[in-house]
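Data block below; observations after.
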Amino acid sequence: MDSYLVMAYSYATTHSIVLHSTTGKVTHTRRNVSGPATQVGAAVGVIRIGATRVRHNPPSSAGQCSGGGPGFMAAKAGTLVTSDGADSAETAALLPSATMPDVVVSIEDEGKTFDTAVDVTDLVAQIKANPSLTHLKLKGNTLSKEAYRAVVDAILAVQTTSGATLKIIDSSDCFTRRGPSDIHTAMLALGEVVERKELVELNLGDNALSLQGAKILAPMIARCTSLSILRLNNTGLGPLGGKLIGLGLAEGARRGLRLKVLQLGRSRQENKGATEIAAAFELMKSLEEILMPQNGIKAAGITALAGAVSANPNLRVLDLNDNTFRPAGCTAMAAALSSIHGLREVNFGDCLLRPTGFEQIAQALVDNHPDMEKIDLTYNEIKRGNVDSLCQLLSGKSKLVKVELNGNILGEDDLDRIKVAIGAIETVADAEDVLGETDEMEDPEEEEEEEEEEDDTDDDDEESDTDGGDGSDTAEDESALVADVENQLKE
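When you line the sequence shown up against the working numbering, it's residues 27 to 517, in that order.
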């Protein structure tokens, strides 16, 4: 009985294995061809499995595998079949390795409205026509709960019948003009896909998930231990919602979840959410990007996140823009930055570092992060007295491509010194290109001769360190909600 393998074969970006159906030979070419994994053609080869082995030559010459013949059959990429369609998994160990292509179904940013299951008929057909589906992009459309249910059913059907491994779902900005019932019912449906533990990236950003959405999502992500990238930007979770997400991430970490990227900005995490999420990060020790800008996080939350930074030595990107460090947060974060060594991008813009806090952060970044590419320190009340430390921070950063300092208290002479420090870096061709906008700098000459003493207490009338409301009416309501989610996490 003849056996065949349908596979997308790629040795490098410019090489493919192509089936010549007339001769039954599989030859190596120099063409880079993309297409559905089920398409038998330039990027897909059907290889006959001999009785004992598969012969194939290296890509340095025209390679070929034995057999083939015109009687081949199309199947899911990577599927081993016989001429009568029966499985032939026993010969799989004989196969040469192959790199499978991504199979994408996308309606990204088409701006369509899907109110019923009938409205998504074409989308469902696309999903079912791609049994090797790996990426689904729904971003920038609006789906009702009925439409979303139909999409999920199609995904589950493909996964069940063909064993497809869906790796990425981008469902951001998918519920414009939809109410909580649509959003939360759709999320419950999505959970049936997420909990299959195959998903690598999930994007639910720019949706009004709210506290109820966090309650649904927390157990879902705890069970999806395959997840590597989670994007929840601008989702309105609130402090308690962030706490529930943190509990879910922590339980996931105990089960083996190892996130590399968390994007959770503009969602009002405050101290409560940030502290719980930071605790989960400390368990994971795998984060490469922490993106949590514009969350109303204050000193206590920043201090908790500093602990998370210390626990994640592979961290490359840290964005805490528009949160409030103050002295306690600066001290904790500076210590954390001194304990790791691989940051590429830091965004502490509008974080109320002030001169003393900046000095601490600058000293931590001077020697420990030689591969720094982007630094944002805008609107932090950095002054002329900080310029020496700033120049020291920038010097020697051979990979530096952008420095943002706008909104600080620096004059033209100060900026000239900074440009000289940037220009002294051998790899920088033009310091002007590296230094960002400076049109909103405050003039140090206009400051009062006797500067007001900085009020660096964490509970002054400008900034308190307490959270705002979080959508729960009482402490008892919060305790009951947390207990409910914790019980779900134990299941």
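We treat Cβ as the ideally placed atom computed from N, Cα and C, and that holds for glycine.
What does DSSP give as the partner residue(s) for residue i in the beta ladder?
| i | result |
| --- | --- |
| V429 | I401, L461 |
| R582 | With the chain running from 27 to 517 in the structure shown, residue 582 is simply not present. |
| V131 | L162 |
| F140 | L169 |
| V287 | I255, E315 |
| L228 | I195, L256 |
Looking at the secondary structure, which residues open and close the alpha helix (DSSP H) in which residue i lies?
| i | result |
| --- | --- |
| R175 | 171-188 |
| H210 | 206-220 |
| E20 | Residue 20 is absent from the model: the chain starts at 27 and stops at 517. |
| N513 | 501-516 |
| I323 | Where I323 is concerned, there is no enclosing alpha helix (DSSP H), given that its DSSP letter is neither H nor E. |
| F384 | 380-394 |
| P470 | Here P470 belongs to no alpha helix (DSSP H), and DSSP marks it neither H nor E. |
| L235 | First-last for L235: undefined, no H or E at that position. |
| L420 | 413-420 |
| C356 | 352-365 |
| D148 | 147-154 |
| I271 | 264-281 |
With 16 other CB atoms within 10 Å as the buried threshold, where does residue i fall?
| i | result |
| --- | --- |
| S505 | exposed |
| D503 | exposed |
| T453 | exposed |
| K298 | buried |
| T329 | buried |
| D196 | buried |
| L466 | In the sequence under discussion, the amino acid at residue 466 is Glu, which differs from the Leu named in the question. The residue in question, E466, is exposed, as its Cβ has fewer than 16 Cβ neighbours within 10 Å. |
| V144 | exposed |
| R204 | buried |
| N513 | exposed |
| S440 | Note that residue 440 corresponds to Asp in the displayed sequence, not to Ser. Answer is buried; the Cβ neighbour count reaches 16. |
| E438 | exposed |
| G267 | buried |
| D493 | buried |
Apart from the five residues just before and just after residue i, which ones in its own chain have a Cβ nearer than 7 Å to its Cβ?
| i | result |
| --- | --- |
| A279 | A306, L309, M310 |
| S87 | Low per-residue confidence applies at S87: pLDDT is 30, beneath 50, and the placement is therefore not dependable enough to give any value. |
| D135 | K165, G166 |
| L192 | L159, T160, L162, I181, Q185, V219, E224, L225 |
| A501 | none |
| A183 | K154 |
Quick one: give me the first and last residue of the beta strand (DSSP E) that residue i is part of.
| i | result |
| --- | --- |
| D442 | Segment 438-449 is the alpha helix (DSSP H) holding D442; no beta strand (DSSP E) there. |
| N373 | 371-373 |
| D196 | 194-196 |
| R257 | 255-257 |
Is residue j closer than 8 Å to residue i when the C-beta atoms are compared?
| i | j | result |
| --- | --- | --- |
| G355 | P396 | no |
| F384 | N349 | no |
| E296 | N259 | no |
| Q286 | S312 | Gln is not the amino acid found at residue 286; the sequence shown has Lys there. Result yes, Cβ atoms of K286 and S312 sit closer than 8 Å. |
| L564 | V429 | With the chain covering only 27 through 517, there is no way to say anything about residue 564. |
| G282 | T261 | no |
| T404 | D442 | no |
| N156 | V131 | yes |
| A361 | A332 | yes |
| K409 | P470 | yes |
| T464 | L416 | no |
Spatial neighbours of residue i within its chain, please: CB distance less than 8 Å, with the 5 preceding and 5 following residues excluded, ordered by chain position.
| i | result |
| --- | --- |
| V511 | K241, A244, P245, L270, L273, G274 |
| T142 | S170, E172, A173 |
| S254 | V226, E227, R284, L285, K286, V287 |
| L391 | L363, L369, V372, M398, I401, L419 |
| I448 | L420, L426, V429, V454, A457, V460, L461 |
| G411 | P381 |
Below 6 Å CB to CB, which residues in the same chain sit around residue i once its five sequence neighbours on both sides are set aside?
| i | result |
| --- | --- |
| S198 | K165, N229, G231, D232 |
| G67 | Any answer about G67 is weak, because its pLDDT of 33 lies below 50 and its placement is not dependable; what the coordinates show is given next. Taken in chain order, the list of residues that qualify is empty. |
| R284 | M310, S312 |
| Q289 | R257, N259, L317 |
| A337 | E308, K311 |
| P339 | I366 |
| A358 | T329, A332 |
Return yes when at least one heavy atom of the ligand ADP lies under 7 Å from the C-beta of residue i, else no.
| i | result |
| --- | --- |
| M310 | No copy of the ligand ADP appears in this structure; indeed no ligand is present at all. |
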